[in-house]
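Okay, so here's the structure we're looking at.
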DNA sequence: CTTTGTCTGTAACATAGTCACACAGATCGA
DNA sequence: TCGATCTGTGTGACTATGTTACAGACAAAG
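Residue numbers (the working numbering), protein chains in the order written: chain D, 30 to 254; chain A, 30 to 254.
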C-alpha cells in the first residue's frame with residue numbers, strides 16, 4: 030500500500046499509464062508494495078514460480094539464459110516503467126520462469142501479487158494494454174537476439190555493442206572483455222581477439238578494464254558488414 | 030460467418046476453449062471467416078501490417094526469420110488449435126510483423142478481423158486466456174531456440190532433430206540436407222558433414238533424399254552431449 | 001535418350017569456440 | 001613499501017562451424 034502523496038506522484042511519473050484510469054490508479058496504489066533491491070541481486074531464478082509481478086521504477090534488471098557450459102546470453106533488459114513479461118506470462122499460464130533475472134544497479138520496484146495481476150487483466154483495459162505492450166516489445170527483442178546470433182558475424186555484433194554503450198566524456202568505456210562476452214553469449218577469448226583486431230587498425234585503444242573508441246565511423250562500417 | 034452446424038461442431042472440436050462461454054462461441058461463429066490456403070503459401074510477410082488473426086484448424090504453418098545471407102531459422106510452428114502470437118501482439122500494439130509465416134501443408138484457418146480481436150480482449154475472459162496461453166508458449170519456444178543456437182553444438186542439435194521427426198514404418202525420414210539446414214539455421218554443407226559422421230558409425234544410413242535411423246540410442250547419446 | 005535441375009560430397013579457407021596456461025596490473029594485508 | 005593474491009588479458013593449439021566453389025550422381029522433364 031502506498032499512502033504518501035509524494036511517492037504516489039513519483040510513481041505516476043514513472044508509470045504514466047496509471048493516469049489513464051483514476052479507479053485503476055487508486056486500486057494500484059492500494060495493491061502495490063514498494064521494494065528495494067541492491068545491485069547484483071537475483072531477482073528471478075530459472076524454474077521458480079512467480080509470486081508477483083514487479084514493475085521497475087528505478088534501476089536496471091538483466092534477463093538472461095545460462096548454458097550448461099557456464100556461458101550466458103542476455104535476452105533483454107528492464108528499465109524504469111517496465112515489467113518482466115516472462116513473469117507476466119508465467120503468472121498468466123502457471124509455468125515456471127524460464128530464464129534468470131538479476132539487478133544491475135540498485136532497483137526500486139512495485140510488486141503486485143499474482144492473484145491481483147489475474148484480477149486486473151479481467152477488470153482494467155489500461156492494465157491489459159500495458160501487459161500486451163510488454164509482450165510485443167519483448168517478443169520482438171527476443172527474435173532480434175535470434176537473428177543476431179544465427180546470422181550476424183561476431184565482429185559486427187561487437188562493433189554494434191561498443192557503439193551502443195554509454196561512455197564518459199572522452200569515449201572510454203569501462204567494461205571487461207568477459208562482461209562483453211557474457212552479454213553477447215560468446216567466449217572471452219573471442220572478444221579479446223576481435224578487440225585486438227580493432228586495435229590494430231586504430232579503431233579503438235585498449236587498456237585493462239577500459240576501451241576507448243577512436244573511430245566511431247569505422248566501427249559503424251564494421252557493424253554493418 | 031459460419032452457419033453450418035456441422036462445420037461449427039468441427040470447429041468447436043478443434044478449438045475447445047470456445048465451449049467455455051456460449052455467448053462468446055456465438056460471437057465467434059459470427060465473426061470468423063473460414064479460409065483455405067495451399068501448401069508453401071506465404072501467410073505473413075515480414076514488415077506487413079496484420080489485417081486479422083488466424084486460428085489454424087487444420088494443417089501446419091512455419092514461422093521463421095530470414096538472414097541477409099539467405100539463410101533461415103525456424104522460430105516456431107503452428108498446428109491445429111493454435112494461432113500466431115506474433116500476429117496477436119502486432120495487432121495489439123500496432124507494429125509490423127517481424128518474421129515470415131508460410132504454410133507447410135494445406136491449411137484451413139479461421140480469420141478474425143483486427144478490430145474484433147481488440148474488442149474481444151476487453152470483452153471475453155476466455156479469449157484473453159487463449160491469447161495469454163499462446164504468448165507464454167511462444168515466448169518459451171523462442172527462448173529455447175536462443176538456448177539451442179547459443180549453447181548447443183550442432184551435432185547435438187542435429188541428433189535431437191532427427192529423433193523428433195515423424196517417420197514411416199522402417200524409420201526412414203524423407204528430408205533433404207538443405208531442409209534440415211534451413212530448420213536449424215545453418216549451412217547445408219555443415220549438415221552433410223555431420224550426417225556423414227553419423228553414417229560412419231552406422232548410427233544412420235544415408236540415401237538421396239532419405240535418412241534411415243539405425244541406432245536411436247546412439248543418436249540419443251549424441252543429442253545429450 | 002538427352003538435357004536440365006536438384007541433391008550431395010568435398011576441398012580450401014575463414015570465423016568462432018574450447019582448453020590450457022602465462023603474464024601484467026590491481027588490490028589487499030602486513 | 002612489499003609480497004601475496006586476485007582479476008583481467010593475451011596467446012597457442014586445437015576443434016567446430018560457416019563460406020565459397022565446384023564436381024558428380026541421381027531424378028525429372030521433354
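Even glycine gets a Cβ: it sits at the ideal position worked out from N, Cα and C.
It should be emphasised that the depicted structure is a prediction, and the values quoted were computed from it without experimental measurement.
Consult DSSP for residue 205 of chain A and reduce its assignment to one of helix, strand or coil. coil
How many angstroms separate the CA atom of residue 149 of chain D from the CA atom of residue 82 of chain D? 12 Å
Three-state secondary structure (DSSP) at residue 103 of chain D? strand
Would you please verify whether the beta carbon of residue 98 of chain D is less than 8 Å from any beta carbon of chain A? yes
Counting contacts by CB-CB distance shorter than 8 Å, is residue 179 of chain D in contact with chain A? yes
Out of A/210, A/231, A/230, which one is the CA nearest neighbour of residue 221 of chain A? A/210
Leaving out five residues on either side along the sequence, give the residues of the same chain with a beta carbon under 6 Å from the beta carbon of residue 132 of chain A. 66, 68, 70, 72, 90
Where does the unbroken alpha helix (DSSP H) through residue 246 of chain A begin, and where does it stop? 245-253
Rank A/253, A/218, A/128, A/207 by C-alpha distance to the C-alpha of residue 238 of chain A and give the top, closest one. A/207
Touching or not, the segment 40-48 of chain D and the segment 121-129 of chain D, by the rule of three or more beta carbon pairs under 8 Å? no
Below 8 Å on the Cβ atoms is my guess for residue 9 of chain D versus residue 240 of chain A; work out the distance and round it to an integer in Å. With chain D running from 30 to 254 in the structure shown, residue 9 of chain D is simply not present.
Tell me the DSSP secondary structure of residue 157 of chain A in three-state form. helix
Where residue 132 of chain A falls: helix, strand or coil (DSSP): strand
Spell out the partners DSSP gives residue 138 of chain D in its beta bridges. D/64, D/85
With a CB to CB cut of under 6 Å and the five nearest residues on each side skipped, what residues in its chain are close to residue 142 of chain D? 81
List the residues of chain D whose Cβ lies closer than 9 Å to the Cβ of residue 222 of chain A, in chain order. Those within 9 Å of residue 222 of chain A in chain D number zero; the least Cβ separation is about 19 Å.
Quick one: give me the first and last residue of the alpha helix (DSSP H) that residue 220 of chain D is part of. 217-229
Sort out for me which residues DSSP pairs residue 94 of chain D with in a bridge. D/102
Extent of the continuous beta strand (DSSP E) run through residue 234 of chain D: 233-236
Does DSSP classify residue 44 of chain A as helix, strand or coil? coil
Establish whether the CB of residue 151 of chain A and some CB of chain D are separated by less than 8 Å. yes
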